[in-house]
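Heads up: take any position in the sequence shown, counting from 1, add 195, and you land on the working numbering.
Presented below is the structure to which this report refers.
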Amino acid sequence: MSSDQPAGNFQSVLDEQRVFAPSPAFVDKARVNADALAALRAEAAADSVGFWSRLAREHISWQTPFTVGLDDSAAPNYRWFTDGRTNASANCLDRHLGALGDKPAIRFEGEAGDVRIWTYRQLHAEVCKLANGLKSLGIGKGDRVVIYMPHTAEAVIAMQACARIGAVHSVVFGGFSASSLRDRIEDAGARLLITADGGRRGGNIVELKKAADEALDGACKSIEHVIVFQRTGHPVQWNDKLDLWWHDVLATQPAQCDPEWVEAEHPLFLLYTSGSTGKPKGIQHSTGGYLVNATVSCQWVFDLQGSDVFWCTADIGWITGHSYVTYGPLANGATILIYEGAPTVPDAGRFWKIIQDHKVTIFYTAPTAIRALMRLGDEWPAQYDLSSLRLLGSVGEPINPEAWMWYHRVVGKERLPIVDTWWQTETGAIMMSPIPGATPTKPGSCTQPLPGIFVEVVDEAGTPIQGNNVGGYLVITKPWPSMLRTIWGDNARYIKTYWEQFGNQYYVAGDSTHRDDDGYYWILGRTDDVLNVSGHRLGTMEVESALVSHPRVAEAAVVGRPHEVKGEAVFAFVTVRGKRPEGDEAVALAKELRDHVAKQIGAIAKPDDIRFADNLPKTRSGKIMRRLLRSIAKGEEITSDTSTLENPGIVAQLQGKG
Ligand code: WTA
């Protein structure tokens with residue numbers, strides 16, 4: 196294991212000894228108790244393909260049943276259920292219309308307090324209308340549609356409408372800039388863009404249409420139309436050649452649209468995510484296999500049952516918003532809650548008020564949000580009735596034991612199970628997590644792989660490390676249905692990124708992990724140049740490219756440093772053209788560079804710290820010494836030998852001392 200990876204909460208997790216057993220009251224009603232879990236594990240261990248095939252038959256509706264479980268003839272491009280046909284939208288909507296037609300599918304609340312509820316029947320009708328609208332514009336199976344929407348029910352409707360007609364959606368987070376949107380549209384070759392006039396957050400309007408116009412200006416020639424949902428009603432520019440109002444598109448369409456039955460392997464969506472090199476890559480997911488894991492993981496991990504109101508706070512622009520806002524819970528016929536807005540509007544009690552008002556039973560959020568809510572003080576959750584809650588979840592980054600304990604004590608009143616779920620955009624669904632009615636939990640550990648998921652800890656050579664109390668690279672050793680299929684348009688990169696390191700034997704997650712004496716896993720952080728800022732993945736190279744695209748910047752190196760709320764913060768070392776700025780000039784240029792990065796990528800990528808230097812630390816062969824920069828960013832004492840540097844004198848300046 197390289198010593199220059201972000202150590203995160205390594206020491207504190209190794210010292211963590213507390214164990215929390217599931218409460219008998221929860222176990223009594225749980226879908227999966229310890230015996231059931233043991234049976235699932237045994238079944239999967241005996242025949243993992245047979246195991247997933249059984250679940251695929253039981254939990255997914257197929258128009259044409261499959262006979263093939265796993266096709267590994269083109270490994271590591273694995274394919275599942277290849278001769279079956281299904282449709283994701285039919286699984287999420289149509290099959291519930293009989294028994295659950297009048298059940299709320301979506302409870303939406305806007306920041307201003309506006310509430311709207313869609314029953315399954317209403318949601319189905321709306322999705323069908325939009326699907327017909329898309330067809331009327333010539334969009335069909337295999338066409339790519341980019342969705343750049345606020346976090347509203349309509350975003351889910353847009354995804355479902357694409358799925359319904361076999362179009363491949365690619366959701367771009369509304370916080371990404373015009374330039375990020377443009378890159379994704381162009382890479383996907385999208386024919387249609389679905390956006391909104393704006394979104395609402397923190398009392399402000401998020402100018403989505405304006406960013407979309409900017410993205411399309413002189414670029415994105417593949418786009419034939421832009422459908423604009425009216426959310427804010429504020430004036431926007433209009434391009435008669437491209438733009439259509441959502442309400443106009445839907446107005447004339449029938450509320451029935453037969454689903455397009457697609458092969459199980461038909462791509463359901465692309466979702467762009469950051470890697471260590473190059474531009475964000477389009478992770479391609481399948482229809483059938485993806486749905487299987489998204490659906491059953493809701494039952495196992497969240498114990499999802501008919502009466503639940505499930506609130507996953509992730510934006511639909513991230514994988515968590517795909518699997519646990521849109522596809523997983525709806526395929527299970529659950530009620531989801533969607534909130535568009537900031538957690539602190541009008542005050543720091545907003546999340547807890549939403550839980551009280553909508554009687555949320557399952558709350559799934561990210562450690563960064565938990566830490567932020569924790570800092571606001573215990574008095575906020577104390578003011579609200581949280582007794583509807585029965586399960587808490589965490590996702591996106593390692594949760595430090597302190598935040599876990601606060602979640603447990605203040606939100607969970609020491610009675611609710613906490614599921615710390617480890618997974619990735621690439622895995623499609625949760626891979627490791629406690630099963631709430633079966634697994635004793637430890638603060639900071641995602642415990643063990645789900646049934647049917649097989650992981651190992653391997654060393655530099657790719658050899659599995661036997662036994663417990665060991666650490667190394669995390670790999671997944673057997674294919675699973677919701678695994679990514681490829682990187683859109685670049686299968687060589689798919690193989691190189693995820694398989695080649697250990698001879699195409701294992702899926703390489705890119706995380707390092709520790710397996711403790713009880714066989715529990717503790718995720719320690721990324722092994723590559725990917726940062727995790729507030730649970731969002733950012734490539735250091737992406738931020739560096741954004742910085743050097745500014746005319747004043749000559750060179751930039753970006754590393755992460757620990758941050759109390761965000762987990763990691765972006766720290767940039769920059770050399771400029773001309774004289775190194777100092778004093779007020781440095782402050783002004785740093786601000787300009789931060790805004791520049793926000794414009795190039797999005798506000799989430801803004802560096803917290805920018806330090807100007809005459810030079811970056813390089814080895815004599817010209818390689819930037821990132822390890823040294825990481826130590827400096829953390830404020831560590833530099834004890835390592837810097838004499839191999841081409842320019843050892845630079846260290847003091849990088850530390851801000853020179
Ligand atoms: C990290 C989010 C520790 C990890 C679903 C992974 C976690 C990356 C956890 C994927 C967790 C996610 N504990 N680390 N419970 N969940 N991660 O693609 O480094 O946005 O590789 O998917 O987040 O981020 P992504």
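Each residue gets a CB set at the ideal place from its N, CA and C atoms; glycine is no exception.
Bear in mind the structure is a predicted one, so any value in this text is a computation, not a measurement.
Which term fits residue i, buried or exposed, when burial requires 16 or more other beta carbons within 10 angstroms of its beta carbon?
{"i": "Trp618", "result": "buried"}
{"i": "Arg213", "result": "exposed"}
{"i": "Lys224", "result": "exposed"}
{"i": "Val380", "result": "The sequence given here places Ile at residue 380; Val does not occur at that position. So Ile380 ends up on the buried side."}
{"i": "Ser198", "result": "In this prediction, Ser198 scores a pLDDT of 37, lower than 50, which makes its location untrustworthy; no coordinate-derived value is stated."}
{"i": "Thr429", "result": "The identity of residue 429 in the sequence shown is His, whereas the question assumes Thr. So His429 ends up on the exposed side."}
{"i": "Asn727", "result": "buried"}
{"i": "Pro635", "result": "exposed"}
{"i": "Asn527", "result": "buried"}
{"i": "Gly203", "result": "Its pLDDT being 46, under 50, Gly203 is placed unreliably by the model, and the measurement read from it follows with that caveat. Burial call: buried."}
{"i": "His709", "result": "buried"}
{"i": "Ser814", "result": "Ser is not the amino acid found at residue 814; the sequence shown has Thr there. By the neighbour-count rule (16 or more Cβ atoms within 10 Å), Thr814 is not buried but exposed."}
{"i": "Thr658", "result": "exposed"}
{"i": "Thr468", "result": "buried"}
{"i": "Ile648", "result": "buried"}
{"i": "Thr642", "result": "buried"}
{"i": "Trp599", "result": "buried"}
{"i": "Val748", "result": "buried"}
{"i": "Thr839", "result": "exposed"}
{"i": "Val457", "result": "buried"}
{"i": "Lys476", "result": "buried"}
{"i": "Ala459", "result": "buried"}
{"i": "Gly730", "result": "buried"}
{"i": "Thr508", "result": "buried"}
Under a three-way DSSP split, which group does residue i fall into?
{"i": "Gln200", "result": "Annotation note: pLDDT 40 at Gln200 (below 50); position unreliable, coordinate value reported separately. Gln200 falls in the coil class under three-state DSSP."}
{"i": "Glu304", "result": "strand"}
{"i": "Trp565", "result": "In the sequence as presented, Trp is not what sits at residue 565; that position holds Ile. If DSSP states are grouped into helix, strand and coil, Ile565 belongs with the helices."}
{"i": "Cys287", "result": "helix"}
{"i": "Asp803", "result": "coil"}
{"i": "Met627", "result": "strand"}
{"i": "Asn488", "result": "helix"}
{"i": "Trp601", "result": "helix"}
{"i": "Thr556", "result": "coil"}
{"i": "Tyr522", "result": "helix"}
{"i": "Thr692", "result": "helix"}
{"i": "Ile827", "result": "helix"}
{"i": "Leu849", "result": "helix"}
{"i": "Glu780", "result": "helix"}
{"i": "His709", "result": "strand"}
{"i": "Ile418", "result": "coil"}
{"i": "Asn327", "result": "helix"}
{"i": "Pro576", "result": "helix"}
{"i": "Gly657", "result": "coil"}
{"i": "Gly516", "result": "helix"}
{"i": "Pro644", "result": "strand"}
{"i": "Arg280", "result": "strand"}
{"i": "Asp242", "result": "coil"}
{"i": "Glu651", "result": "strand"}
Taking DSSP's pairing of strands, which residues face residue i in a bridge?
{"i": "Gln479", "result": "Leu465, Thr681"}
{"i": "Pro299", "result": "Thr314"}
{"i": "Glu832", "result": "DSSP lists no partner for Glu832."}
{"i": "Tyr702", "result": "Ile671"}
{"i": "Val322", "result": "None; Val322 has no bridge partner."}
{"i": "Phe424", "result": "Ala391"}
{"i": "Cys357", "result": "Answer by DSSP bridge pairing: none, since Cys357 is not bridged."}
{"i": "Lys813", "result": "Ile819"}
{"i": "Glu763", "result": "Pro757"}
{"i": "Glu460", "result": "DSSP, once it has assigned bridges, lists no residue as partnering Glu460."}
{"i": "Ile531", "result": "Ile301, Phe505"}
{"i": "Ala752", "result": "Phe768"}
{"i": "Leu840", "result": "Thr814"}
{"i": "Val341", "result": "Ser365, Leu388"}
{"i": "Phe215", "result": "Thr636"}
Round the Cβ separation of residue i and residue j to the nearest angstrom and send it over; I've been treating them as touching at under 8 angstroms.
{"i": "Val496", "j": "Leu532", "result": "The pair is not a contact, with the Cβ atoms about 18 angstroms apart (cut-off 8 angstroms)."}
{"i": "Pro802", "j": "Val760", "result": "Not confirmed; about 16 angstroms, so no contact."}
{"i": "Gly623", "j": "Met569", "result": "With a Cβ gap of about 30 angstroms, Gly623 and Met569 do not count as contacting."}
{"i": "Asp392", "j": "Arg426", "result": "6 angstroms"}
{"i": "Val854", "j": "Pro746", "result": "No information on residue 854 is available, as it lies outside the stretch 196 to 853 that the chain covers here."}
{"i": "Leu329", "j": "Leu288", "result": "At roughly 16 angstroms, the Cβ-Cβ gap does not stay under 8 angstroms, so Leu329 and Leu288 are not in contact."}
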